[in-house]
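Right, one structure below, let's go through it.
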Amino acid sequence: MQSALVLLALLLLPLSASSALPTATSVVAGLNELARAAGKLYFGTATDNTTPEFTDPTYMGILENYNQFGQLTPANAMKWMYIEPEPGVFNFTLGNQIADLAEEYGMVLRGHNGVWYEELPSWVTSTDWNATGLAYAVQRHVSGIVGQYAGRVYAWDVVNEPLNDNGTYREDLFYNALNTTYINIALEAARAADPNVKLYINEYNIEYVGTKSTAMQNLIKQLQSEGVPLSGVGMESHFIVGEVPTTLVENFEAYAALGLEFAITELDIRMELPATEELYEQQKQDYYTVVNACMQVSACVGVTVWDWTDKYSWVPGTFPGYGDACPWDANYTRTPAYDGIAIAFEGQSISA
Ligand code: XIL
């Protein structure tokens, strides 16, 4: 009798195991193939060679698959602290590694980033800048990095995160010394260094209708009226499961109406852990919503996830208690989020 009960329990165990989360079911072409078939330039990913990612053969095997990824963004390698660690002294070793990889596999390269308040070398953060000195440093920095990769980069995030969430300018060291003119200086320097590269401003919480998006549109109009070169806007898109904004398409159309292209540049959709089947299903819907919004507006050139596997996502380290934000889990299994992306690129509607 007892052994019959044990047998019964063993038989039921797989059904009741709470760790069995759903996985992707689509056996379709890769996500980049689908994006391109849909008329987009790419589906791509951030990747980070300042971490052990690049020594992980399983990671590299999937990263190098053009069917999945037609575009790369260095998550850190081209940031100021890595690429100009001393004044006027550039170190392109890490940046070149990503640029070479993109070239080897025929992938579009996004340069990231020119001027940002984070990941600055100490010589920048510890100097008490006057306007002339910092204008020179910004100009030299942006010319140096954009010039190095001229002809090889599709688009540069020349200016990164210039706004506060309430729509005012972020009072970082650039703004404090130069007011908004650092934005003009950076964009002009980038254009002078590469006549053809797309010049972007990249920002978060501008993906939806609201104060910050209005402020970004006002900044764009001001730059346009001044004749400052600007090609596009990066919509970072770091979202939370169940909280994806409902005004993406309406907001994207406002940017397109300004004559700019745009891209989803840093997509991830995090959930409060532990993951459940319900959260995974909602996340599939949410990924669909974002990619479908890009599909609805032709000025949206492509979608980049901010790394593709939970194994190396920045999310758990930055948002404690949150994770499982990527379309591949930490064991490299595709999750339902993958299906959400695929269904959107295929132009299908999603069933709940
Ligand atoms: C993040 C990287 O992923 C992390 O590895 C790093 O420690 C901090 O920066 N907005 C951006 C990106 O524009 O550059 C940031 O990347 C994520 C938020």
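Plus 29 on top of the position in the sequence shown (first one is 1) and you've got the working numbering.
Just so you know, even glycine gets a beta-carbon here, dropped at the ideal spot from N, CA and C.
If you draw a straight line from the Cα of T102 to the Cα of W335, it comes to about 9 Å.
Bounds of any alpha helix (DSSP H) do not take in G73; it lies within the beta strand (DSSP E) bounded by 71 to 76. With a threshold of 16 other beta carbon atoms within 10 Å, T52 falls short and is exposed.
Contact check for M245 against E232 passes: the beta carbons are separated by less than 7 Å. Within the stretch 177 to 219, the runs of alpha helix (DSSP H) that reach at least 4 residues and sit entirely inside it are, in chain order, 202 to 207. Secondary structure of W335 (DSSP, three-state): coil. Between the stretch 146 to 158 and the stretch 89 to 96, the count of Cβ pairs shorter than 8 Å is below three; the stretches do not touch. Taking every protein chain shown into account, the CB of E132 has fewer than 16 other CB atoms within 10 angstroms, so this residue is exposed.
Not one heavy atom of ligand 1 sits closer than 6 Å to the Cβ of A354.
Assignment of beta-bridge partners to Q100 by DSSP yields G73, V137. Per DSSP, reduced to three states, the secondary structure at D129 is helical.
The continuous stretches of alpha helix (DSSP H) do not include M107, and DSSP gives it neither H nor E. Counting only residues of its own chain and dropping the five nearest sequence neighbours on each side, D194 has a CB closer than 6 Å to the CB of N234, K241.
Apart from sequence neighbours up to five positions away, the residues of its chain that approach A221 with a beta-carbon distance below 8 Å are S172, ordered along the chain. Assignment of I370 by DSSP, reduced to helix, strand and coil, places it in the helix class.
Around the CB of Q177, 16 or more other CB atoms lie within 10 Å, so the residue is classed as buried. Counting only the Cα atoms, Y198 lies some 6 Å from P191. Between the stretch 77 to 87 and the stretch 315 to 327 there are fewer than three C-beta pairs closer than 8 Å, too few to call the two in contact.
Its Cα nearest to that of D186, the residue A215 stands out among T275, A215, P224.
Taking 8 Å as the upper bound for CB-CB distance, P356 and I370 are in contact here, some 6 Å apart. Using a cutoff of 6 Å, the CB of W343 counts as near ligand 1, since one of the ligand's heavy atoms is closer than that. A206 is positioned such that its CB atom lies closer than 7 Å to that of A160.
Between the C-alpha atoms of A66 and A58 there is a straight-line separation of about 10 Å.
Rounded to the nearest whole angstrom, the C-alpha separation of L50 and R363 is 11 Å.
The three-state secondary structure of T294, taken from DSSP, is strand. In this structure, N105 has its CB closer than 6 Å to one or more heavy atoms of ligand 1. The beta-bridge partner set that DSSP reports for C329 consists of F291. Around the beta carbon of E290, 16 or more other beta carbons lie within 10 angstroms, which makes this residue buried.
In the DSSP assignment, N231 falls within the unbroken beta strand (DSSP E) covering 227 to 232. Checking the 6 Å criterion, the Cβ of N96 is out of range of every heavy atom belonging to ligand 1. Apart from the 5 residues on each side of it in sequence, Q126 sits with its Cβ closer than 8 Å to the Cβ of N78, F83, A106 in its chain, given in chain order. K227 and A285 do not touch by the CB rule: their CB atoms are close to 15 Å apart, not below 8 Å. At a Cβ-Cβ threshold of 7 Å, V273 and D315 count as neighbours. Of the candidates V330, I269, R181, S254, the residue whose Cα lies closest to the Cα of L130 is R181. Check the Cα spacing between T210 and each of Q168, S342, P114, E113: the tightest is with Q168.
Looking at the backbone, the Cα of D297 and that of Y367 are separated by about 12 Å.
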